[in-house]
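Structure first, then comments.
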């Protein structure tokens, strides 16, 4: 279809039409962008899905400036904010979780802005389709969005309109921050004067409603977004709000949801009405979320040339041939506490002593290695439970190492098994609880033997076989099946405890034929799926619940 952009018409025309069959208006925008679908309308104008005919019909989004405000002063402000969005996007440069600005120009007396199209749903639409979010899902949102906020704040920009509608989850699961129409440059502009109120009531902090905004104003709005998605309570059309007491000017959300004390305290701190009492940066929130003293967030700089460089927030896909792909996720480096605390239920002595480890950045397989991927490289499939998207199993440690070596030779990239430290760091994804999903798991989250739950959890299913990778929710790094399904071989030799273990994230080897495994399996108990649980077998042992996933360094061979 071809959508007419004339506000008085917006007629749907057949595909390929040059002029609207109803009003005669020109269809193509800037002789290249063809609007194909009306997406929505807001205070500043309308949004359309489109394709760029000069880039092989690449999907994009057109924003048409069509303000609803009356009066010259309101129109001038609306025009300024629309132009301001284009300027902010241009100045921010490229970020993998902010849609790129493709063009900004006038046509037929109106302003247009063209951005990348993100195929997915915003968080409000996701809530409407799926219902309230749980703690694990909120942690994922925070872990993914806080680095984006730090990036824009480092570039002297405050978003000022964080809300579910402005956060889109793409179909591959990545979160994007959109709509910089009311963002503010912190170095000062006409939009910083007291009395200029922008943002969305019910999300904007008190100081922003008075015309002043700080970096942690965005943190306040992000926390409001989280508690609304957790509780399912949103401000009503008459401005009434069950979560906010206007008499005491305090949020009263905790009675509607049960969370860990850690996340409750974090959100309460973000929601403080006085900015000085909140966290002062997104980095500080992320440090509190991951229980780290310091967190270094690497953000991409505007590229000096057109070459695509792999950065810490990237991922890549390896083509293994015949339609088989291997998806790799970038895991940002950091420091964490490895092992289990002494008060963790059902722990073992070989998970001690807890010790701090600093792990450099690396890439990790998004999924456990599948049978299709193994067969594409090795040419055989030893698995008992057949299925191209099921994890390969019945492989010994030497088989897994041989796969990595062959893949490395074919791709000229450095593929290998993860070190034990890399594995636990990636599994935890910033958490300190027994599981990356929190204090417990169920068989709705993980494939294990539900006859043997963890602590007081109810019994669940025992599927008695593997499941397709990606069947269950991912952790905050976007990795699937880090708990359960099949055990995963690590590079390390087995040691009875962590005394004298490396603290730099490297593998701990001393030519021992007993090798280490992590993650638990469909065949085992829930306690074996804990982030800190360690298992071991001889390097030549194969079993129908032994598998692996690969990692890769930030270099080629």
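Numbering (the UniProt record's numbering), first residue to last: 1 to 557. We put the CB at the ideal spot given by N, CA and C, even for glycine. Remember, it's a predicted structure, so these values are computed and weren't measured experimentally.
- With 16 as the cutoff for other CB atoms within 10 Å, does residue 130 come out buried or exposed? Of the residues assessed, residue 130 falls on the exposed side of the cut-off, its CB having fewer than 16 other CB atoms within 10 angstroms.
- Looking only at its own chain, which residues have a Cβ that is under 7 Å from the Cβ of residue 375, when we skip the five neighbours before and after it? 381, listed in sequence order.
- Query: So with Cβ pairs under 8 Å, would you call residue 151 a contact of chain B?
  - Reply: Within the model displayed, chain B is absent; a lone protein chain is all it includes.
- Task: Buried or exposed for residue 384, please, with buried defined as at least 16 other CB atoms from any protein chain shown within 10 angstroms of its CB.
- Result: The residue in question, residue 384, is exposed, as its Cβ has fewer than 16 Cβ neighbours within 10 Å.
- Task: Could you tell me which residues DSSP puts in a beta bridge with residue 37?
- Result: Beta-bridge partners assigned by DSSP to residue 37: 49.
- Answer yes or no: do residue 397 and residue 508 have a C-beta to C-beta separation smaller than 8 Å? Contact flag unset, no.
- How about residue 547 and residue 369: are their beta carbons less than 8 Å apart? Yes, they are a contact pair.
- Query: According to the Cβ coordinates, are residue 146 and residue 167 closer than 8 Å?
  - Reply: In terms of Cβ geometry, residue 146 and residue 167 do not form a close pair [threshold 8 Å].
- Item | Counted within 10 angstroms of its Cβ, other Cβ atoms place residue 250 as buried (16 or more) or exposed | Result: exposed.
- Message: Using a 10 Å radius around the Cβ and a threshold of 16 neighbouring Cβ atoms, would you call residue 277 buried or exposed?
- Response: Residue burial is scored here from C-beta neighbours: residue 277 has fewer than 16 other C-beta atoms within 10 angstroms and is therefore classed as exposed.
- Cβ neighbours of residue 528 in the same chain (closer than 6 Å, five flanking residues each side left out): Taking residue 528 as the centre and dropping the five residues before and after it, the same chain places the C-beta of 520 closer than 6 Å to its C-beta, in chain order.
- By Cβ distance below 7 Å, which residues in the same chain neighbour residue 320 in space, the five residues on each side in sequence not counted? Cβ neighbours of residue 320 within its own chain (closer than 7 Å, five residues either side excluded): 326, 373, 376, 377.
- Query: On the premise that residue 493 lies in contact with residue 516, defined as a C-beta separation below 8 Å, what is that separation, rounded to the nearest angstrom?
  - Reply: In this structure residue 516 is in contact with residue 493, their Cβ atoms being roughly 7 Å apart against a cut-off of 8 Å.
- Item | Simplified DSSP assignment, three categories, for residue 100 | Collapsing the DSSP output to three states places residue 100 in coil.
- Task: Would you mind sorting residue 275 into buried or exposed? The rule is 16 or more other CB atoms within 10 Å of its CB.
- Result: Flag for residue 275 reads buried.
- Looking at the unbroken alpha helix (DSSP H) that takes in residue 218, where does it start and where does it end? 215-231 is the extent of the alpha helix (DSSP H) around residue 218.
- Return the first residue and the last residue of the alpha helix (DSSP H) that residue 465 is part of. Here residue 465 belongs to no alpha helix (DSSP H), and DSSP marks it neither H nor E.
- Note down the Cα distance separating residue 212 from residue 204, rounded to an integer number of angstroms. Spanning the two alpha carbons is a distance of roughly 11 Å.
- Alpha-carbon to alpha-carbon, residue 525 and residue 340: When only Cα atoms are considered, residue 340 and residue 525 end up about 17 Å apart.
- Compute the Euclidean distance between the alpha carbons of residue 304 and residue 95, then round it to the nearest angstrom. A caution first: residue 304 carries a pLDDT of 29, below 50, which makes its placement in the model too unreliable to give a value.
- Simplified DSSP state of residue 565, which is helix, strand or coil: No information on residue 565 is available, as it lies outside the stretch 1 to 557 that the chain covers here.
- Alpha-carbon to alpha-carbon, residue 362 and residue 404: Taken atom to atom, the span from the alpha-carbon of residue 404 to that of residue 362 is near 15 Å.
- Sort 461, 357, 459, 243 by Cα distance to residue 426 and report the nearest one. That would be 357, whose Cα lies nearest to the Cα of residue 426.
- With 16 as the cutoff for other CB atoms within 10 Å, does residue 23 come out buried or exposed? Within 10 angstroms of the beta-carbon of residue 23 lie fewer than 16 other beta-carbons, which makes it exposed.
- Query: Of the residues 285, 552, 234, which one's Cα is nearest the Cα of residue 128?
  - Reply: Distances from the CA of residue 128 to each of 285, 552, 234 were compared; the closest alpha carbon is that of 234.
- Message: Quick test of the definition: if touching needs 3 or more C-beta pairs under 8 Å, does the segment 102-116 touch the segment 441-457?
- Response: No, because fewer than three Cβ pairs between the segment 102-116 and the segment 441-457 fall closer than 8 Å, the two stretches do not touch.
- Query: Three-state secondary structure (DSSP) at residue 150?
  - Reply: Residue 150: helix per DSSP, three-state reduction.
- On the three-state DSSP scale, how would you describe residue 330? Assigned with DSSP and collapsed to three states, residue 330 falls in strand.
- Message: Please state the DSSP three-state secondary structure of residue 415.
- Response: Three-state result, residue 415: strand.
- Task: Could you tell me how far apart the beta carbons of residue 123 and residue 169 are, in whole angstroms, since I believe they sit closer than 8 Å?
- Result: Correct: roughly 7 Å between the Cβ atoms.
- Task: Could you tell me which of 60, 1, 153, 179 sits nearest to residue 163, measuring between CA atoms?
- Result: When each option's Cα is compared against that of residue 163, the closest is 179.
- Same chain, Cβ closer than 7 Å to residue 259, five either side skipped, listed in chain order: Within the same chain, residue 259 has close Cβ partners 135.
- Three-state class that DSSP yields for residue 123 in the structure shown: Residue 123: helix per DSSP, three-state reduction.
- Considering only residues of the segment 442-501, which uninterrupted beta strand (DSSP E) runs meet the minimum length of 3 residues and lie entirely inside it, listed in chain order? Those beta strand (DSSP E) runs which fall completely within the segment 442-501 and span 3+ residues are 487-493.
- Query: Alpha carbon to alpha carbon, how far is residue 355 from residue 413?
  - Reply: Residue 355 and residue 413: Cα-Cα distance of roughly 31 Å.
- Message: To the nearest angstrom, how far is the alpha carbon of residue 4 from that of residue 118?
- Response: Cα-Cα distance, rounded: 22 Å.
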